[in-house]
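Residue numbers (my numbering): 9 to 283.
For glycine and all other residues, C-beta sits at the position ideal for the given N, C-alpha and C.
Notes follow the structure.
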Amino acid sequence: MLLGLLRRGLSQPHFNQHFLNAQQLLLGAQTRNMGDEISLDEAKKKAARTAVDEWVKEDTKIVGIGSGSTVVYAVQRIAERVWKDGELTDLICVPSSYQAQHLILDYNLNLGSVDRNPIIDVAIDGADEVDSNMVLIKGGGGCLLQEKVVAACSKKFIVVADYTKKSLHLGEQWCRGVPIEVAPMAQVPIKLQIEAMFGGEVVLRMAKVKAGPIITDNGNFLLDWKFVGKREYNWDEVNRTITMIPGVLETGLFVDMAHKCYFGMADGSVKAQSK
């Protein structure tokens, strides 16, 4: 389109104006592309802030804090309401990982625990992928066991994510598989059983800086099951079956747990999804 405009300009007396128009079109396209790149973090921020403002109210006493990049914005919003607006001063925050614990302490919020606060009003967490039935894949950051415990202890489990995490079917966006936390000594038989029952490939997640495999907050290994993308799965059945394998601590499949999901979109809006 721009090349055609420039060619037409060369054969007309108003070349300069046509060239200026072409430059403006090109600059606009570049600006939109840059905006899309920048908007990913902004999308996360909008989703997180919307969820906090809708679900963390004055009568909310205990909130579960998930893990990951989007949750950072949720904690920032909670802290803003505590320290800037003078709200939620008695709110207790229950972490789902060491990352979440550090966030809570860094923002000088009240730190709780599942031991002391086993009934949580609402938990806010991210996701690696959310399908049309609100089945989640979580655990890309390695915190899936504690995340699922906190979510299960919550009256409402709210998910916040950017638009790239929204899919019709699992595996469309997230291609790293389903994380599974396992006892180290059981990793090989677990791998073989999952591959035999459900196909695909199960790999031990290796560390990028540390030598050897990833070690979770709980001292376990992580397997990533790269399932067959075109195959139809009953995720509830899959989750239950894998969990029953001796040595499996938990899977990154969150089935029938999320109450509502908020997606920050590229255009700046926030879309909510419920079952």
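Please state the DSSP three-state secondary structure of residue i.
{"i": "residue 270", "result": "strand"}
{"i": "residue 214", "result": "strand"}
{"i": "residue 263", "result": "coil"}
{"i": "residue 137", "result": "strand"}
{"i": "residue 244", "result": "helix"}
{"i": "residue 143", "result": "coil"}
{"i": "residue 238", "result": "coil"}
{"i": "residue 253", "result": "coil"}
{"i": "residue 157", "result": "helix"}
{"i": "residue 117", "result": "coil"}
{"i": "residue 112", "result": "helix"}
{"i": "residue 42", "result": "Residue confidence is low: residue 42 scores 46 on pLDDT, short of 50, so the model does not pin down where it sits. Its coordinate-derived value is still stated next. Helix at residue 42."}
{"i": "residue 277", "result": "coil"}
{"i": "residue 35", "result": "In this predicted model, residue 35 has a pLDDT of only 40, less than 50, meaning its place in the structure is not dependable enough to derive any value."}
Measuring only from the beta carbon, is residue i closer than 7 Å to any heavy atom that is part of the ligand MG?
{"i": "residue 204", "result": "Here there are no bound small molecules, and the ligand MG is not part of this structure."}
Closest to residue i by CA distance: which of the options is it?
{"i": "residue 153", "options": "131, 141, 126 and 188", "result": "188"}
{"i": "residue 193", "options": "255, 137, 55 and 103", "result": "255"}
{"i": "residue 119", "options": "87, 163, 147 and 94", "result": "87"}
{"i": "residue 228", "options": "76, 241, 191 and 244", "result": "191"}
{"i": "residue 151", "options": "261, 75 and 240", "result": "75"}
{"i": "residue 176", "options": "159, 168 and 137", "result": "137"}
{"i": "residue 49", "options": "275, 239 and 108", "result": "275"}
{"i": "residue 92", "options": "278, 259 and 117", "result": "117"}
{"i": "residue 156", "options": "258, 277, 224 and 239", "result": "258"}
{"i": "residue 225", "options": "108, 198 and 85", "result": "108"}
{"i": "residue 239", "options": "178, 160, 89 and 85", "result": "178"}
{"i": "residue 148", "options": "97, 214 and 90", "result": "214"}
{"i": "residue 146", "options": "98, 230 and 84", "result": "230"}
{"i": "residue 121", "options": "161, 234 and 84", "result": "161"}
{"i": "residue 47", "options": "98, 277 and 245", "result": "277"}
Whole-angstrom Cβ separation of residue i and residue j, contact assumed at under 8 Å?
{"i": "residue 78", "j": "residue 134", "result": "4 Å"}
{"i": "residue 232", "j": "residue 263", "result": "Not a contact, Cβ separation roughly 18 Å."}
{"i": "residue 181", "j": "residue 253", "result": "About 27 Å; that fails the 8 Å criterion."}
{"i": "residue 100", "j": "residue 132", "result": "The Cβ separation is near 14 Å, so there is no contact."}
{"i": "residue 81", "j": "residue 51", "result": "10 Å between Cβ atoms; not a contact."}
{"i": "residue 163", "j": "residue 130", "result": "7 Å"}
{"i": "residue 237", "j": "residue 53", "result": "The Cβ separation is near 31 Å, so there is no contact."}
{"i": "residue 168", "j": "residue 280", "result": "About 10 Å; that fails the 8 Å criterion."}
{"i": "residue 158", "j": "residue 260", "result": "Rounded, the Cβ-Cβ distance is 14 Å, inconsistent with contact."}
{"i": "residue 66", "j": "residue 95", "result": "7 Å"}
Query raised in the report: Taking only runs of the alpha helix (DSSP H) that begin and end inside the stretch 47 to 110, which ones reach a length of at least 4 residues, in chain order?
Result: Runs of the alpha helix (DSSP H) inside the stretch 47 to 110: 77 to 91.
Query raised in the report: Would you say the stretch 104 to 113 touches the stretch 167 to 175, given that touching needs at least three Cβ pairs under 8 Å?
Result: The way I'd put it, the stretch 104 to 113 doesn't touch the stretch 167 to 175; fewer than three beta-carbon pairs between them come closer than 8 Å.
Query raised in the report: Does the stretch 119 to 132 come within contact of the stretch 176 to 186, defined as at least 3 CB pairs closer than 8 Å?
Result: no
Query raised in the report: What runs of the alpha helix (DSSP H), each 4 residues or longer, lie entirely inside the stretch 161 to 235?
Result: Listed in chain order, they are 195 to 206.
Query raised in the report: Is the stretch 96 to 111 close to the stretch 201 to 215, with three or more CB pairs under 8 Å?
Result: no
Query - Three-pair Cβ contact test at 8 Å for the stretch 235 to 249 versus the stretch 218 to 226 - result: no
Query raised in the report: Counting pairs of Cβ atoms below 8 Å between the stretch 136 to 145 and the stretch 252 to 272, do you hit three or more?
Result: yes
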